[in-house]
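Asks: Next up is a structure, given as structure tokens.
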């Protein structure tokens, strides 16, 4: 089974994606990750203003069958949380790269983006 | 150790199923999605491959005596073709396994069939043969687990599906009644049993016909994931999780299945259970609903409102039917009434919860 891996963003080896526009960024999990998890039933996210460090845990996603930690792909500060996930966690399954986004962040000066995988590299990882 | 495989392991894989180790078996956990499969069983029908369940056949002149002395329910109540739910307990009254005991029709080599949980078939075979020898009973015991596939067809449309698939008429069977009926030209033990809370049938299928019979059913294939959420909504026990002779020893009264214990019969563990019945169990198996957001899981602490640990979640999930977090577990009897406020500790956070009646789904 092959999964969509959009070229317009970068990826962590822990299956998070980052889409950047002018110093701000959106973070979510990949199509591959949501498929591995199965039906997502609960997402626990940090509050606005929290600082995230690359590779550190920032939240939890629960599916019917498993609990998984979420790891920040970048160094950043949370500026918005996708409130829709509180009532519709299934958006993570239905549209992981779009409506199922999790956080908007302001990237730190040392954001760590260079350490992430390109779409091509991430595709190789999940093949 | 290599995993035991159901006969259709490769066919399920080709259908896109994902697999999990369960009781030493490599079983399909999900074909489509747990939510989709769960909803199919509640609203239409689904078919489960439950070939990991054991098959122990017991025959001979003393077959009934042997079953009677090794299970808690009263086997003399069973007519030919009847079955009941029963417990296998040790001398202390601790549950070793839960099972359905079927009394088979005339003309079979064996008079009884019982169905131990995944990975318990060898232990139960040894228990039956050791006690038979010790008591000098004349009974044949056969572990036929590898000779059969077992399927559960469950859901409101299951009866129609089974009626269409069967060469014989099975629609007049009542709950817990079974018969030998032909499917794809092969006799299968066919009983109106299951573990989802829905109407349905279980078929015990000779292994060489495993694929032909599976293919007769045009309904949602379901994995162990949906089986687990369905049985949790009903408050049904899962062996190895809600009770486990080593890690979570429980007697039938604690586990909420005291109704399967017939103290006026003679069986191993009877005296111990008579004592428990007289004194009352200290703890009870209860339903729990989270009031706060979060998902309760096996092993999470249950506390009183002050944070004192009083028990443990043994099974928990987000109920696909109710879209609410539900759990099963043990609490001291004084906390066991429906509505009692408790807490469940979800990854370090104390979540408001309350004791709830089971089944979680109202009839």
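Residue numbers (the working numbering), protein chains in the order written: chain Z, 1 to 127; chain F, 1001 to 1363.
All residues carry an ideal CB built from backbone N, CA and C; glycine is no exception.
Small disclaimer: the values here were computed from a predicted structure and weren't measured.
Under 8 Å, do residue 1236 of chain F and residue 1195 of chain F count as touching if we go by C-beta distance?
Replies: Against a cut-off of 8 Å, the Cβ pair of residue 1195 of chain F and residue 1236 of chain F comes out as a contact.
Asks: By a C-beta neighbour count over all protein chains shown, 10 Å radius and 16 as the cutoff for buried, is residue 1251 of chain F buried or exposed?
Replies: With 16 or more Cβ atoms within 10 Å of its Cβ, residue 1251 of chain F is classed as buried.
Asks: Taking the beta strand (DSSP E) that residue 1262 of chain F falls in, what are its first and last residues?
Replies: No beta strand (DSSP E) holds residue 1262 of chain F; DSSP gives it neither H nor E.
Asks: Would you kindly work out how many angstroms separate the C-alpha atoms of residue 1090 of chain F and residue 1269 of chain F, rounded to a whole number?
Replies: Residue 1090 of chain F and residue 1269 of chain F: Cα-Cα distance of roughly 5 Å.
Asks: Between which two residues does the alpha helix (DSSP H) harbouring residue 32 of chain Z extend?
Replies: Segment 31 to 37, the alpha helix (DSSP H) holding residue 32 of chain Z.
Asks: Where in the region 1025 to 1089 of chain F do unbroken runs of the beta strand (DSSP E), each at least 3 residues long, occur, reported from the N-terminal end onward?
Replies: Those beta strand (DSSP E) runs which fall completely within the region 1025 to 1089 of chain F and span 3+ residues are 1025 to 1030, 1046 to 1049, 1056 to 1059 and 1083 to 1089.
Asks: Less than 7 Å between C-beta atoms, sequence neighbours within five positions excluded: which residues of the same chain meet that for residue 1097 of chain F?
Replies: So the qualifying residues of the chain are 1088, 1116, 1117, 1120, 1124 and 1239.
Asks: Quick check on the burial criterion: 16 or more other C-beta atoms within 10 angstroms. Buried or exposed for residue 1045 of chain F?
Replies: Answer is buried; the Cβ neighbour count reaches 16.
Asks: Counting only C-beta atoms, is residue 1225 of chain F closer than 8 Å to chain Z at any point?
Replies: Cβ-Cβ to chain Z under 8 Å: yes for residue 1225 of chain F.
Asks: Does DSSP put residue 2 of chain Z in a helix, in a strand, or in coil?
Replies: Residue state, collapsed to three classes: coil.
Asks: So, does the CB of residue 1363 of chain F fall closer than 8 Å to a CB anywhere in chain Z?
Replies: Only weak support exists for where residue 1363 of chain F lies, its pLDDT of 49 falling under 50; the value from the coordinates is given anyway. Chain Z, which has no Cβ nearer than 8 Å to the Cβ of residue 1363 of chain F, makes this no.
Asks: Given that residue 1034 of chain F touches chain Z, what residues does it touch there, using C-beta distances under 9 Å?
Replies: What residue 1034 of chain F touches in chain Z: 38, 39, 63, 64 and 65.
Asks: With DSSP as the reference, label residue 1297 of chain F as helix, strand or coil.
Replies: Looking at residue 1297 of chain F - three-state DSSP - the assignment turns out to be coil, as it is neither helix nor strand.
Asks: Can you look up residue 1363 of chain F in the DSSP assignment and give me helix, strand or coil?
Replies: Any reading at residue 1363 of chain F must be qualified, since the residue scores a pLDDT of 49, below 50, and its modelled position is unreliable; the value itself is stated next. It is coil, neither helix nor strand.
Asks: By the criterion of Cβ-Cβ separation under 7 Å, what are the contact partners of residue 105 of chain Z in chain F?
Replies: Ordered by position in chain F, no residue passes the 7 Å Cβ test against residue 105 of chain Z, which lies about 23 Å from the chain.
Asks: Could you give the first and the last residue of the continuous beta strand (DSSP E) run that contains residue 1308 of chain F?
Replies: Where residue 1308 of chain F is concerned, there is no enclosing beta strand (DSSP E), given that its DSSP letter is neither H nor E.
Asks: Tell me residue 1236 of chain F's beta-bridge partners as DSSP assigns them.
Replies: Answer by DSSP bridge pairing: none, since residue 1236 of chain F is not bridged.
Asks: So residue 1332 of chain F and residue 1310 of chain F are supposed to be a Cβ contact under 8 Å. How far apart are they, rounded?
Replies: At roughly 6 Å, the Cβ-Cβ gap stays under 8 Å, so residue 1332 of chain F and residue 1310 of chain F are in contact.
Asks: Could you check whether the Cβ of residue 32 of chain Z sits closer than 8 Å to any Cβ belonging to chain F?
Replies: Chain F contact via Cβ: absent.
Asks: What residues are listed by DSSP as bridge partners for residue 17 of chain Z?
Replies: Partner(s): Z:11 and Z:28.
Asks: Based on DSSP bridge pairs, tell me the residues matched to residue 1318 of chain F.
Replies: Paired residue(s): F:1325.
Asks: Could you please tell me which residues of the region 42 to 62 of chain Z, in chain order, have their CB closer than 9 Å to any CB of chain F?
Replies: Answer set for the region 42 to 62 of chain Z: 42, 44, 60 and 62.
Asks: Can you give, in chain order, each stretch of the beta strand (DSSP E) that sits fully within the region 44 to 68 of chain Z and has at least 3 residues?
Replies: The region 44 to 68 of chain Z contains these whole beta strand (DSSP E) runs: 57 to 63.
Asks: What residues in its chain sit with their C-beta under 7 Å from that of residue 56 of chain Z, if we drop five residues either side in the sequence?
Replies: Answer for residue 56 of chain Z: 71 and 72, listed in chain order.
Asks: Would you call residue 125 of chain Z buried or exposed, if buried means 16 or more other Cβ atoms sit within 10 Å of its Cβ?
Replies: Exposed, since its Cβ has fewer than 16 Cβ neighbours within 10 Å.
Asks: Does the beta-carbon of residue 1070 of chain F have 16 or more other beta-carbons within 10 angstroms, so that it is buried, or is it exposed?
Replies: Flag for residue 1070 of chain F reads buried.
Asks: Would you tell me roughly how many angstroms separate the C-alpha atoms of residue 110 of chain Z and residue 76 of chain Z, rounded to the nearest one?
Replies: Between residue 110 of chain Z and residue 76 of chain Z, the C-alpha separation is close to 9 Å.
Asks: Could you list which residues in chain Z have their beta carbon closer than 8 Å to that of residue 1343 of chain F, in chain order?
Replies: Under the 8 Å cutoff, chain Z gives no residues; its nearest Cβ is about 17 Å from residue 1343 of chain F.
Asks: To the nearest angstrom, how far is the alpha carbon of residue 100 of chain Z from that of residue 1338 of chain F?
Replies: Between residue 100 of chain Z and residue 1338 of chain F, the C-alpha separation is close to 37 Å.
Asks: Could you please tell me which residues of the region 1141 to 1164 of chain F, in chain order, have their CB closer than 7 Å to any CB of chain Z?
Replies: Cβ contacts with chain Z: none found.
Asks: Quick check on residue 1349 of chain F: does DSSP put it in helix, strand or coil?
Replies: Looking at residue 1349 of chain F - three-state DSSP - the assignment turns out to be strand.
Asks: With distances taken Cα to Cα, identify the nearest neighbour of residue 1212 of chain F among F:1222, F:1171, F:1020 and F:1166.
Replies: Per the Cα distances, F:1166.
Asks: Over the uninterrupted alpha helix (DSSP H) stretch that includes residue 1125 of chain F, give me the two end residues.
Replies: Unbroken alpha helix (DSSP H) run through residue 1125 of chain F: 1121 to 1135.
Asks: Buried or exposed for residue 1051 of chain F, going by 16 or more other Cβ atoms inside 10 Å?
Replies: Buried is the call here.
Asks: Out of F:1360, F:1076, F:1219 and F:1102, which one is the CA nearest neighbour of residue 1043 of chain F?
Replies: When each option's Cα is compared against that of residue 1043 of chain F, the closest is F:1219.
Asks: Within the same chain, show all residues whose beta-carbon is closer than 6 Å to that of residue 25 of chain Z, passing over the 5 residues directly before and after it, in chain order.
Replies: 18, 105 and 107.
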